[in-house]
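All you need for my numbering is the position in the sequence shown, starting with 1, plus 577.
Structure, as C-alpha cells:
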Amino acid sequence: MGNDEFVLISSEPAKVVIGRIMASLDQPYTIKGRRIPTNASIGYLTVGTQTRAPLEIVADAAVALQSAKSAGGKTAHEFTTGLRTELDQFQNLQIDLLDAIKNGEIEPWFQPQVRLDDGRLHGAEVLARWRHPTRGLLSPFHFLPAAERAGLMIDLDHAVWAAALRYARNWQDEGVWHPCISLNVAPDTIADPHFLERFLLALQRSGLDADQVNVELLETTFISGDDDIVAINIDSLAESGVAVELDDFGTGFASFSRLAQLPLTGLKLDRSLVSLLPDQGADSIVRAILALAAELGLQVVAEGVEQRTQATHLNKRGCAVAQGFGYGKPMSPNDFHKWLQINADKALDISPDFAASA
Ligand code: C2E
Ligand code: CA
Ligand code: CA
Numbered sequence: 578m579g580n581d582e583f584v585l586i587s588s589e590p591a592k593v594v595i596g597r598i599m600a601s602l603d604q605p606y607t608i609k610g611r612r613i614p615t616n617a618s619i620g621y622l623t624v625g626t627q628t629r630a631p632l633e634i635v636a637d638a639a640v641a642l643q644s645a646k647s648a649g650g651k652t653a654h655e656f657t658t659g660l661r662t663e664l665d666q667f668q669n670l671q672i673d674l675l676d677a678i679k680n681g682e683i684e685p686w687f688q689p690q691v692r693l694d695d696g697r698l699h700g701a702e703v704l705a706r707w708r709h710p711t712r713g714l715l716s717p718f719h720f721l722p723a724a725e726r727a728g729l730m731i732d733l734d735h736a737v738w739a740a741a742l743r744y745a746r747n748w749q750d751e752g753v754w755h756p757c758i759s760l761n762v763a764p765d766t767i768a769d770p771h772f773l774e775r776f777l778l779a780l781q782r783s784g785l786d787a788d789q790v791n792v793e794l795l796e797t798t799f800i801s802g803d804d805d806i807v808a809i810n811i812d813s814l815a816e817s818g819v820a821v822e823l824d825d826f827g828t829g830f831a832s833f834s835r836l837a838q839l840p841l842t843g844l845k846l847d848r849s850l851v852s853l854l855p856d857q858g859a860d861s862i863v864r865a866i867l868a869l870a871a872e873l874g875l876q877v878v879a880e881g882v883e884q885r886t887q888a889t890h891l892n893k894r895g896c897a898v899a900q901g902f903g904y905g906k907p908m909s910p911n912d913f914h915k916w917l918q919i920n921a922d923k924a925l926d927i928s929p930d931f932a933a934s935a
C-alpha cells in the first residue's frame, strides 16, 4: 500500500494467517552482521459472502490497524463499527481543539500554593481548562491525550502560558498580588527547538521577571529520545533565572542520577504519597524524599493536600510548600482574582473539618 504497509487477502481463517505472519516476523534479520528485530501491527476484518467495495474494506482494515498501533503495536486488532465511531469522535476532537486554541477557549485556571511554616500564599499553579461551546467546561483528562496525539501540546502550552502571564501581570499592576506562577510544560513542548525563544518572548511581553515563573516538568520527559534538546532547553531556562521543578515526584520514573544532573530548583511530591499520610510506610518515603531534596538543595511542594493533619505532618517533616483542595481548588481567573482580594495577605489554614468532597 505504501512504505511498510501491505494488504493481504486470504481464504484461511484470520487467526491462522495472523499467527503465521507474527511468528515469521518474530525472527530477527541478520544484515551485515547486525541482528535487526522486526514486528508488525495488524488490522483485519472478515468479509464473508457480502459484496463490498474493495476500498471500503481496506478503509475498515486501516481503522483497525490504527487501533493496533495506538495500543502499542506488535498486535492484531479486528475492525468493529465501535472503532470507527471512536476514531471519528477523536478526529473531531482534534479539529475542535485546534480551533479552541486559536479562539482562546483554553483558559488558565489557578490553584494556590501555600507556605507551610507561616500559611502565606507562595504562588499558584496554572492548570488548563477548556470552555467548550457545547460540552461545557472540560478538564485536562478530556482533552490532553487528544492534544498529545494530534501534536498540539506545544501550541496549547504556549496559549495557556501567554494567557496566564497576562492575568498575573494585571493582578500585579492592580497591587492585589506579587505573582509567582508555575507553568506545566509537556514533554513535547520542552523538546521543541523553538521552546526557549517562544517562552522568553511570552515572559518578556508579560513584563514579569524570570523569578516570578516556575516551570513544571514531568519525569516522563526524560525517557523520550530528544534528550539533547531537552537538556539544552532546561539548562538555558535555568540560566535565564526561571525555576525548574520536577512534577509528580514519587510516581516511579525519575532516576536519582538524573536528579543530580539537572539544574532543578524543586520537586513536587505526588498526591498518591501525600494522600497516604500519616501512614507509616508513606511517612518513611516522604521523609527519605525530603532528606534527598534537602541534600540536593531542592524545595519540595506537596501536592493534593486536603487535610489539616497532612499539612501539619508535612510541615513537621520540613516540607516547605503545600497545594491542594484543602487550601483551594483550581479557580477560573475571575474567581482567583476575588480569592486573591480576600486571601493574598492572610495566613491560610485548612479548617479541621474540611472534607475532600466539600
Ligand atoms: P498536575 O500537574 O499534577 O496537576 C495537579 C492536578 O491535581 C490538577 O488536576 C489538580 O486539579 C489536581 N489537584 C490539586 N489538588 C488536589 C487535591 O487536593 N485533591 C485531588 N483529588 N486533586 C487535586 P487537573 O487540573 O485535572 O490537571 C491534570 C493534569 O493535566 C496536571 O497534573 C498536568 O499534568 C496536566 N495539565 C494541566 N494543565 C496543563 C497545561 O496547561 N499544560 C500541560 N502540559 N499539562 C497540563
Ligand atoms: Ca503540575
Ligand atoms: Ca503533579
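Even for Gly, the Cβ is constructed at its ideal location relative to N, Cα and C.
Tell me whether residue i counts as near ligand 2, meaning its Cβ is closer than 8 Å to at least one heavy atom of that ligand.
i: Lys906; result: no
i: Asn761; result: yes
i: Glu796; result: no
i: Asp765; result: no
i: Lys845; result: yes
i: Glu702; result: yes
Between residue i and ligand 3, is the CB less than 8 Å from at least one heavy atom?
i: Glu793; result: yes
i: Lys880; result: Going by the sequence as given, residue 880 is Glu instead of Lys. Yes.
i: Asp912; result: no
i: Asp734; result: no
i: Lys609; result: no
i: Arg848; result: yes
Sorry if obvious, but does the Cβ on residue i come closer than 8 Å to a heavy atom of ligand 1?
i: Met578; result: no
i: Ala677; result: no
i: Leu693; result: no
i: Phe826; result: no
i: Gln690; result: no
i: Leu721; result: yes
i: Trp686; result: yes
i: Ser716; result: yes
i: Ala639; result: no
i: Gly903; result: yes
Going straight from the alpha carbon of residue i to that of residue j, what length do you get?
i: His771; j: Arg661; result: 36 Å
i: Gly881; j: Lys906; result: 10 Å
i: Asp665; j: Ala727; result: 14 Å
i: Ala888; j: Ala871; result: 19 Å
i: Gln918; j: Glu682; result: 25 Å
i: Leu795; j: Phe826; result: 8 Å
i: Ala701; j: Thr766; result: 21 Å
i: Phe656; j: Thr623; result: 9 Å
i: Gln838; j: Asn791; result: 19 Å
i: Ile634; j: Val584; result: 11 Å
i: Ser852; j: Val863; result: 11 Å
i: Gln690; j: Ala645; result: 42 Å
i: Ala653; j: Leu602; result: 13 Å
i: Asp676; j: Asp847; result: 33 Å
i: Ala935; j: Leu670; result: In this predicted model, Ala935 has a pLDDT of only 47, less than 50, meaning its place in the structure is not dependable; the value taken from the coordinates is given anyway. Those two C-alpha atoms are separated by around 32 Å.
i: Pro631; j: Ile619; result: 18 Å
i: Trp707; j: Ser716; result: 7 Å
i: Pro590; j: Thr828; result: 44 Å
i: Asp922; j: Ala648; result: 50 Å
i: Leu698; j: Thr711; result: 35 Å
i: Gln668; j: Lys609; result: 42 Å
i: Gln952; j: Arg597; result: The requested residue 952 does not occur in the structure, where the chain is confined to residues 578 to 935.
i: Thr626; j: Val594; result: 19 Å
i: Pro929; j: Asp912; result: 24 Å
i: Lys915; j: Gln781; result: 26 Å
Verify whether the separation of the beta carbon atoms of residue i and residue j is less than 9 Å.
i: Pro685; j: Met730; result: no
i: Gln900; j: Ile927; result: no
i: Lys651; j: Ala617; result: yes
i: Leu742; j: Ser783; result: yes
i: Leu869; j: Ala879; result: no
i: Ser549; j: Val703; result: The question about residue 549 has no answer here: the residues shown for the chain are numbered 578 through 935.
i: Gln749; j: Leu785; result: yes
i: Arg835; j: Phe799; result: yes
i: Ala768; j: Ile678; result: no
i: Ile761; j: Asp734; result: In the sequence as displayed, the identity of residue 761 is Asn instead of Ile. Yes.
i: Thr842; j: Gln876; result: yes
i: Ala739; j: Ala705; result: no
i: Ala924; j: Gly752; result: no
i: Leu674; j: Ala723; result: yes
i: Met908; j: Phe687; result: yes
i: Glu793; j: Glu822; result: yes
i: Ile811; j: Pro855; result: no
i: Ala859; j: Gly818; result: no
i: Thr615; j: Tyr621; result: no
Taking only runs of the alpha helix (DSSP H) that begin and end inside the region 718 to 789, which ones reach a length of at least 4 residues, in chain order?
Along the length of the region 718 to 789, whole alpha helix (DSSP H) runs at least 4 residues long occupy 730 to 751, 764 to 767, 772 to 783, reported in chain order.
Those runs of the alpha helix (DSSP H) which lie wholly inside the region 677 to 722 and span at least 4 residues
none
Tell me the start and end of each unbroken alpha helix (DSSP H) in the region 612 to 669 that is at least 4 residues and wholly inside, in chain order.
631 to 647
Every unbroken alpha helix (DSSP H) inside the region 857 to 934 [4 residues or more]
857 to 873, 885 to 893, 910 to 920
Whole runs of the beta strand (DSSP E) within the region 827 to 853, excluding any shorter than 3 residues:
843 to 846
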